[in-house]
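Engineer: Before anything else, here's the structure in question.
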Amino acid sequence: MSLTLTQLRYLVAVARHGSVTGAARTLNISQPSISVAIDTIEKDFGQKLFVRQRGSGVSLTSFGRVVVAKAKQVLAETDELMNLASGNSAVGGELVLGCFEDLAPYFAPGLIRAFSERHPEVDVIVRDETFETLGRRLADAAIDLGLSYDLGLPSHFARVLLHELKPHALLPAGHALADRPEVSMADLAAYPLITTDQPQSWQHMLDLFRGRGLSPVADRATSSFELQRSMVANGFGVAVSYTRPSGDRSYDGLPLICKPLSDPLPMQRIILTYDTHQRVTNAALAFVETAKSWFSTRDIFTA
1 MSLTLTQLRY LVAVARHGSV TGAARTLNIS QPSISVAIDT IEKDFGQKLF VRQRGSGVSL
61 TSFGRVVVAK AKQVLAETDE LMNLASGNSA VGGELVLGCF EDLAPYFAPG LIRAFSERHP
121 EVDVIVRDET FETLGRRLAD AAIDLGLSYD LGLPSHFARV LLHELKPHAL LPAGHALADR
181 PEVSMADLAA YPLITTDQPQ SWQHMLDLFR GRGLSPVADR ATSSFELQRS MVANGFGVAV
241 SYTRPSGDRS YDGLPLICKP LSDPLPMQRI ILTYDTHQRV TNAALAFVET AKSWFSTRDI
301 FTA
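When we follow full-length UniProt numbering, the leftmost residue of the sequence shown carries the number 1, and every step to the right adds one.
If you want it as structure tokens, here you go:
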């Protein structure tokens with residue numbers, strides 16, 4: 001067996017993107033070059049690393065996960081060795097940050113900017129993820145760190161607390177509850193409830209009601225947080241949310257009313273998470289420290 005660093009970089013890129021096409025585009029090389037490299041590695045190991053799925057890219061086999069994790073370790077240590085050889089002690093290499101899609105636009109850009117100012121040698125790649133894909137892609141070594149709510153993650157994943165948010169009610173302007181200083185879950189249960197269709201998200205929201213013996217009518221499920229806000233603003237129902245962007249207007253310009261909830265509800269944790277079965281790179285550790293500092297100085301908008 002004679003593996004090259006180039007082959008390992010191709011291997012990790014395919015795992016990150018879930019396709020040869022995506023890896024080729026990022027690396028700016030031909031797809032056949034990457035396919036040949038992957039075929040060569042699989043022949044050397046005598047086992048498949050990827051399962052090819054027509055029309056939906058590739059996914060790692062259980063053996064492939066082990067190989068990719070080791071390949072990432074070799075590449076990270078090679079980058080560190082090169083830094084030593086050049087006399088450069090700065091953190092370098094590549095960092096792939098997966099962000100839960102509801103949090104990504106509100107926190108990821110500013111956080112990445114702060115990190116890049118501290119560690120300009122690190123190439124940061126950001127990807128939107130759902131609750132379902134975030135855990136799987138961390139386990140597959142396709143992403144290094146996840147920025148998410150603390151929902152639906154395996155027990156062996158590390159959780160670095162960055163911030164906690166209180167839930168609040170979302171109402172359309174002119175709603176019967178809009179003039180109250182705060183509202184209760186029982187108040188909201190009398191109106192159609194709009195949720196997002198993320199399994200962990202809508203289940204958590206319904207559990208908040210059911211834990212109080214309430215059975216709201218989940219009238220509509222939207223594909224995104226912003227669509228949920230727009231549906232509320234247009235009078236289709238009410239919602240409960242943790243995320244609150246700066247500016248209480250929906251995408252189509254209609255006002256939203258945010259009200260504190262009177263019930264003693266649990267806070268939701270914003271965390272950085274990673275798979276403890278994978279090696280954590282110096283770049284990832286540096287990002288964790290930057291994130292803790294950045295969130296500690298932020299005046300995050302809450303209801």
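Think of the CB as a built atom: it goes at the ideal place given N, C-alpha and C, for glycine as much as any other residue.
Per DSSP, GLU129 forms a beta bridge with which residues?
Structural biologist: Translated into the one-based positions of the sequence shown, residue 129 becomes position 129. According to DSSP, which records beta bridges pairwise, GLU129 is partnered with PHE100.
Engineer: Nearest-angstrom Cα distance between LEU3 and ARG118?
Structural biologist: In the sequence shown, residue 3 corresponds to position 3, counting from 1. In the sequence shown, residue 118 corresponds to position 118, counting from 1. As the crow flies, the alpha-carbon of LEU3 is around 34 Å from that of ARG118.
Engineer: Should the segment 105-121 be regarded as contacting the segment 37-44, the criterion being three or more beta carbon pairs within less than 8 Å?
Structural biologist: no
Engineer: Determine which residues share a DSSP beta bridge with ARG269 and list them.
Structural biologist: Here residue 269 refers to the residue found at position 269 of the sequence shown. Under DSSP, ARG269 forms a beta bridge with GLU164.
Engineer: Under a Cβ-count criterion, where at least 16 other Cβ atoms within 10 Å of its own Cβ denotes burial, should SER19 be classed as buried or exposed?
Structural biologist: Locating residue 19 in the sequence shown gives position 19, counting from the first residue. Burial call: buried.
Engineer: Would you kindly work out how many angstroms separate the C-alpha atoms of TYR274 and ALA71, rounded to a whole number?
Structural biologist: Counting from 1 along the sequence shown, the entry for residue 274 is found at position 274. Counting from 1 along the sequence shown, the entry for residue 71 is found at position 71. If you take the alpha carbons of TYR274 and ALA71, they lie about 17 Å apart.
Engineer: Quick test of the definition: if touching needs 3 or more C-beta pairs under 8 Å, does the segment 136-156 touch the segment 62-81?
Structural biologist: yes
Engineer: Are residue 314 and LEU193 closer than 8 Å when you measure CB to CB?
Structural biologist: This structure cannot speak to residue 314, because the chain is shown only from 1 to 303.
Engineer: Just checking, does the segment 91-110 make contact with the segment 242-249 on the three C-beta pairs under 8 Å criterion?
Structural biologist: Flag = yes, the segment 91-110 and the segment 242-249 touch.
Engineer: May I ask you to report which of helix, strand or coil DSSP gives TYR10?
Structural biologist: Indexing the sequence shown from 1 puts residue 10 at position 10. Three-state result, TYR10: helix.
Engineer: So the candidates are SER33, GLY57, TYR251, VAL240; which of them puts its Cα closest to the Cα of ALA186?
Structural biologist: Sequence index remark: in the sequence shown, residue 186 carries index 186 (1-based). Closest by alpha carbon: VAL240.
Engineer: Within its chain, find whatever has a CB closer than 7 Å to the CB of SER30; leave out the 5 residues flanking it on each side and keep chain order.
Structural biologist: Working through the sequence shown from its first residue, we reach residue 30 at position 30. Result list for SER30: ALA24, in chain order.
Engineer: With burial defined as no fewer than 16 other Cβ atoms inside 10 Å of the residue's Cβ, what is the status of GLN198: buried or exposed?
Structural biologist: One-based indexing of the sequence shown puts residue 198 at position 198. Burial call: buried.
Engineer: Which residue or residues does DSSP assign as beta-bridge partners of LYS259?
Structural biologist: If you number the sequence shown from 1, residue 259 lands on position 259. In the DSSP output, where bridge partners are listed per residue, LYS259 has ALA169.
Engineer: Residues in its own chain within less than 8 Å of LEU27 by CB, not counting five upstream and five downstream?
Structural biologist: What you label residue 27 is simply residue 27 of the sequence shown in a count that begins at 1. For LEU27, where only same-chain residues beyond five positions count, the Cβ hits under 8 Å are ARG9, TYR10, ALA13, ILE34.
Engineer: Kindly indicate which three-state DSSP category SER246 falls into: helix, strand or coil?
Structural biologist: On the sequence shown, residue 246 is found 246 positions in, with the first residue counted as 1. In the structure shown, SER246 sits in coil (DSSP, three-state: anything other than H, G, I, E or B).
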